[in-house]
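So this is what it looks like as structure tokens:
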């Protein structure tokens, strides 16, 4: 069963097991622009299991995601291309990051960063079958 509260812009749902016992309660909250701002899951005793909050920039692009384990921060250029991604534990420890370089046509030409304990760098080369770029 799901309910919607127009005042708080929150959808609340109940999840039941095979015996029709309440297993989990979920809630999803949106802002005035209709963008997801918070997700929560509670057990049947109302204990918080998981929570994720989202923040957006003036163009409604996601710039920050914080959950019960880590935090994701994203940065965009003036043309709304993702140019930097950073994920950290809530303690501040870096888990991963990436920097994206794009050409004048917004094609990704290089990605470098740190993921799964390793530094990496990828160069991207595009081959176009015609003179026009898609």
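In this note's numbering, the protein residues as written are 5 to 138.
Virtual Cβ for every residue (Gly too), placed ideally from N, Cα, C.
Closest option to residue 129, judged by alpha-carbon separation, among 109, 24, 113 and 117: 113. Measuring C-alpha to C-alpha distances from residue 110 to each of 80, 32 and 60 identifies 80 as the nearest. In the assembly as shown, residue 20 is an exposed residue. Its beta-carbon has fewer than 16 other beta-carbons within 10 Å. Within the DSSP secondary-structure output, residue 123 pairs in a beta bridge with 118.
Cβ contact annotation for residue 34 (same chain, cutoff 7 Å, sequence separation greater than five): 13, 40 and 41, in chain order. In terms of CA proximity to residue 36, 59 leads the group 93, 105 and 59.
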